[in-house]
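Chains as they are written, first to last, in the working numbering: chain A, 16 to 285; chain B, 2 to 715.
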Amino acid sequence: MVRYTPVTLEEALRIRAEQDVVPYAGGTDLMVENRKGVTYLFLNRVSELQQISEDDTYVRIGSGVTFTQALKSPLVPDLMKEAVSHIAAPAIRNAGTFGGNLGNGSAKADSVLIEYVTDAKLRIASAAKERTVDVDAFYKGRKQLDLESDELIAEILIPKEGLDDYYYQKIGGRNALAISRVSFAGILNKEDGKIKRIAAAFGAVADTVLRYKEIEKMLIGKTAAEAGELKEAFIQKYADTMVLTRGRVSAEYRKSVCCNLLRDFLDQMI
Amino acid sequence: MEKISQSVVKKDHSPKMGGRSVYVADYNTAKNGDGILTGKILHSKVARARIRGVEVPTLPDGYYYVDAKDIPGDNNVNIVLDDMPVYCRDTVEYIGEAIGMVVGPDSKKVDRILSEIKVNYEELEPVLDLRTAKEAFFNYEYGHGDMDKAFAEADHVYEEEFETGYQEQTYLETQGMMAEPEEGGSMYVHGSMQCIYYVHGAVKRVLNCEPEGVHIFQDVTGGGFGGKEAFPSILATEVAVAAKKANAPVRCVFDRREDMEYTSKRHPSICRIRAAVKDGKVTALDCDVTFNAGAYSTLSAVVLQRGIIAAPGVYNVPNIHVTGRALKTNTSPCGAYRGFGAPQTFFAIEMMMDHIAQDLGVESLAFKEAHLAKQNDPTSTCGKYHFPVPVQDMINEVDKVCDYRKKKAEYSKPQTGRYRRGIGMSMIFHGAGFTGSGERDIIKAVTRLHKYADGRVEILASNGEIGQGVRTTFCKIVANELNLPLEKVFYDHPDTARVPDSGPTVASRSLMTVGELLRRASIKLREIWKDGEEQEVEERYRQPDFMIPFSLEKFEGDAYPTYAWAVNAIEVEVDTLTGVTKVLGAYGNFDVGTPMDYNIVMGQMEGGFLQGIGYSSIEKMDYDDKGRIRNNSFSDYLIPTTKDVPNMQCMLHVEKFPDGPYGAKGAGELPLVGVPGAYLEAVEQALGGCKKHKLNHVPFTAEDTLKELMKEAE
Ligand SMILES: Cc1cc2nc3c(=O)[nH]c(=O)nc-3n(C[C@H](O)[C@H](O)[C@H](O)COP(=O)(O)OP(=O)(O)OC[C@H]3O[C@@H](n4cnc5c(N)ncnc54)[C@H](O)[C@@H]3O)c2cc1C
């Protein structure tokens, strides 16, 4: 069986360009899938992908960073840490990576929800070029990613500013080893008594994580009193817009939980 | 703590922890060195159909298709009524029913052949709804007192219906069985099972041979919980017929999906209770119990018996009438699961008592306490509680640990806000051993002790280690009585060729019933002990003299010699935004008599308690309008983990049973039985009590909770 175990990103990208390979990070999704007849490109020795760093604007999380590693890092924002701390159980968190969570393409991926709500960007690399893409543009649909066959996810760029005022809730079928059935993350920043930024993202309820920037605009620039007035209309707008799928729980259940959490988020943060 | 209760290292600890235990899937070759053929079952894809034909592709050399035509004996699996076929007759009755088996050396090829087989079904209308099902496999009725008078004189009459769902045993090791033809024509069958002699009886009938023509060995078994009581008899007959045809060793190991979808589960139930109340006391209970048996009767008779005996709960109510039916539907046959019919009926009566109390405006625990049966009171079947009933003391002990009465009062005040709390308590018994006169009339347990010249003593019995610790506790009893070090006494996995029939590993009976036989056998051996000689003693079951004989026809008498008791309290916090219920505390007080090993018993109590919480809350399994179970994997059927109940406190209250070894009673099933009543009472209180939200089914999921809350909003 052919398998590739590069130690540099350059080497990994070259193999990716030349061969038909499946990138393999922690393997926590791939082991379960147990695909037949594929060739793996193992990324676990590529230390360039395993760094957490920061620049003026972003916290930069390498795609090969594991959840356990992130939980220990002083650079990773609390909101991300909270979401990651609810993933599976220690064994999976020790192996599972940010890149794999994205690469799996699921709307239930807990770190991806945070990337949506924080307007994170992804650095995508290939041997030929590099590009940066907004996380919501990266997801084109259920299990459909904006990723070419010669590309790898290299880094996740999370904007540093304004992440302290957040709200997060995951609902799984139980308290450990549970995939999200509904997840919600919200951010609300105020400046001079007015809402400067609001973001609300819903995970595990549709084909991709859902976020509606158009609806969010309703509350931007509003005072607490004004926002309070608009609150019910705002929630109703979400209820009307969101088309949810059923899974292990019904679509109705998902919708009521989404609206309940959205309301609670507004009640607490406005 | 008594010496016998002090924990030791389990006899199977080291091989299991070291990965050296050999499960049926682990064998590389048969006993004689031959390669093992893989057998895979051709399962019915429809819930009910006449089979017009099965088109099997031309098979390569060494591959076989096996079906009912290959059965040397008759096509019935010996369980209770023997109505279940080994391979289907001219109809299939549920999705998953075995039509045939493909056997061959390469499992991938076997899969391919299986996928190429065309079954020609003439589909028939299946019966799927328990409420409209008509065919009753079993129909029981019993009662005493004057029902008409009690209802005529009642101040209040209450009527309510309670429903429970499936529960899947989720043992770690799936069902697996292997059959090896031996020289001389006998058949050797071994695998994952609880009851070697049940399997023996079944295989013997199907192969149409003498008892010596087949022998059964229990391999290391990765959990049973009841799921390996009857199903192994079915799988064993299937592989035995295949091995006979191929004249080669055949093994069939289920994958998880097959196991979850097609093997036996806990019976879903509907219980309707009518209660008459006069002067604040329940004077009559009329209980109508319906169990979904599935397509064949398998164990439903005995499951239903245990269920209806428990229908009036732990209460002494003067007038009782109980009916019970196990109805046929075109679904997987249901079977044994820890508690054996009693969790369903105890749930109903516990909720009923709580609801009546709430309606009368009295505290539910006090109401229950006022009805508790006491020593010498009659049982539901006009037997007698011969021994002290410790429930009141056990309630007080639980109250002390979790401040139950105070919290109950506090949480009954109106609650607002996102998180709301509730607490509930249930009290139950578990009749120890087989129901009725089964031990005396059917099982007739026999055990032997074999002493080797070097002074080691081997236990010869048929009870299987399934994680519950019998390989250890049996040895402790014998070692204690013979005053030997534990290493000198051993109990290997049983083979019917070597051990007498001490009965099946079921009904929480092994330790109490067989353990006592071993204790008495040890005394015999002690009395004749001669150093350096090989010696053997035998002991047979005797029914205790005090028992009022049980008549199954009249459903009257002592259904059990004694009872193990449990009182559970569960405290919850409901998140009104998500419907998610958090268990703040789970407190269990269990009377299993003298624990034969403290750690083993506590392991059983904690595990069973958690299983009960799963049954009450998240373990939801159902079939669709075609009769298909869709949640057939561990990502679709979730069971709780320790993180779901971090605060669990179990304690033991010891009320010794004079006829059990050193006072021991049954332990295995007890901790699960009462959980749903306590859990749902707690959730209901958190939601504001039964006048606001009358809850009456389990599992009660987050989605159910949110639905209730939305009713409020409307
Ligand atoms: C028991 C269990 C529980 C789980 N619980 C959760 C949970 O609670 N929350 C949650 O979000 N997830 C959960 N998961 C899913 C899984 O652990 C996560 O999705 C994890 O992040 C996957 O990371 P990995 O490194 O193991 O990915 P892998 O399995 O290695 O890869 C996953 C996918 O990503 C692709 N990929 C990996 N790296 C790259 C890259 N650099 N560039 C491009 N493509 C790439 C792979 O080709 C593959 O398609 C659970 C999984 C299991 C088995």
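The C-beta atom is built at its ideal place from N, Cα and C for all residues, glycine as well.
Count the other CB atoms, across all protein chains shown, that sit within 10 Å of the CB of residue i; report buried if there are 16 or more and exposed otherwise.
i, result
"A/S78", "buried"
"B/F347", "buried"
"B/K531", "exposed"
"B/H216", "buried"
"B/R543", "exposed"
"B/P212", "exposed"
"A/F249", "buried"
"B/H191", "buried"
"B/T448", "buried"
"B/E239", "buried"
"B/D635", "Checking the sequence, you will find Phe at residue 635 of chain B rather than Asp. Its Cβ having fewer than 16 others within 10 Å, B/F635 is exposed."
"B/A716", "An answer regarding residue 716 of chain B cannot be provided, because it is not within the stretch 2 to 715 covered by chain B."
"A/G156", "exposed"
Just to check, is the beta-carbon of residue i closer than 6 Å to a non-hydrogen atom of ligand 1?
i, result
"A/I107", "yes"
"A/N116", "yes"
"A/Y39", "yes"
"B/N481", "no"
"A/T43", "yes"
"A/I213", "no"
"A/L192", "yes"
"A/V132", "no"
"A/T112", "yes"
"A/D7", "Since the displayed chain A opens at 16 and closes at 285, residue 7 of chain A lies outside it and no answer follows."
"A/E103", "Note that residue 103 of chain A is Ala in the sequence shown here, rather than Glu. Under cutoff, so the answer is yes."
"B/I619", "no"
"A/S141", "no"
"A/D165", "no"
"A/N119", "yes"
"A/I168", "yes"
Do we get a CB-CB distance below 7 Å when we pair residue i with the residues of chain B?
i, result
"A/I139", "no"
"A/D279", "yes"
"A/R286", "This structure cannot speak to residue 286 of chain A, because chain A is shown only from 16 to 285."
"A/V17", "no"
"A/V264", "yes"
"A/S62", "no"
"A/V272", "yes"
"A/Y268", "yes"
"A/N59", "no"
"A/N204", "no"
Are any of the Cβ atoms in chain A nearer than 7 Å to that of residue i?
i, result
"B/E704", "yes"
"B/K644", "yes"
"B/G118", "Looking at the sequence itself, residue 118 of chain B is Ile, so the reference to Gly does not match. B/I118 does not count as touching chain A."
"B/L707", "yes"
"B/I619", "yes"
"B/L639", "yes"
TODO: Please name the residues in the region 94-121 of chain A whose beta-carbon is closer than 9 Å to at least one beta-carbon of chain B, in chain order.
DONE: The residues in question are A104.
Task: 3-residue-minimum beta strand (DSSP E) runs that sit fully inside the region 554-625 of chain B, ordered along the chain - done: At a cut-off of 3 residues, the continuous stretches assigned as beta strand (DSSP E) that sit fully inside the region 554-625 of chain B are 564-576, 582-592.
- [ ] Select from the region 172-196 of chain A all residues with a C-beta closer than 9 Å to any C-beta belonging to chain B, and list them in chain order.
- [x] Contact residues of the region 172-196 of chain A toward chain B are Q184, I186, G187, G188, R189, N190, A191, L192, A193, I194, R196 (C-beta to C-beta distance below 9 Å).
Open item on the list: Which residues of the region 21-54 of chain A have a Cβ closer than 7 Å to any Cβ of chain B? Give them in chain order.
Closed with: Within the region 21-54 of chain A, no residue qualifies.
Open item on the list: In chain order, what are the residue ranges of uninterrupted beta strand (DSSP E) at least 3 long that sit wholly in the region 433-483 of chain B?
Closed with: Runs of the beta strand (DSSP E) spanning 3 or more residues and lying entirely within the region 433-483 of chain B occur at 447-452, 458-461, in chain order.
TODO: Could you name each continuous beta strand (DSSP E) segment of 3 residues or more that falls completely within the region 239-290 of chain B, going from the start of the chain to the end?
DONE: 251-254, 270-279, all fully within the region 239-290 of chain B.
Task: Interfacial residues, the region 578-593 of chain B to chain A, with Cβ spacing under 7 Å - done: Only those residues of the region 578-593 of chain B whose C-beta falls short of 7 Å from the nearest C-beta of chain A are listed: L578, T579, V581.
Open item on the list: Which runs of the alpha helix (DSSP H) at least 4 residues long sit entirely within the region 345-410 of chain B? Give them in chain order.
Closed with: Within the region 345-410 of chain B, the complete alpha helix (DSSP H) runs of at least 4 residues are 365-370, 392-403.
Task: Residues in the region 7-25 of chain B having any Cβ partner in chain A nearer than 7 Å - done: Under the 7 Å Cβ criterion, the region 7-25 of chain B contributes no residue.
Open item on the list: Tell me which residues of the region 197-228 of chain A have at least one Cβ-Cβ distance to chain B shorter than 9 Å, keeping chain order.
Closed with: Near chain B, meaning a CB-to-CB distance below 9 Å, the residues of the region 197-228 of chain A are V197.
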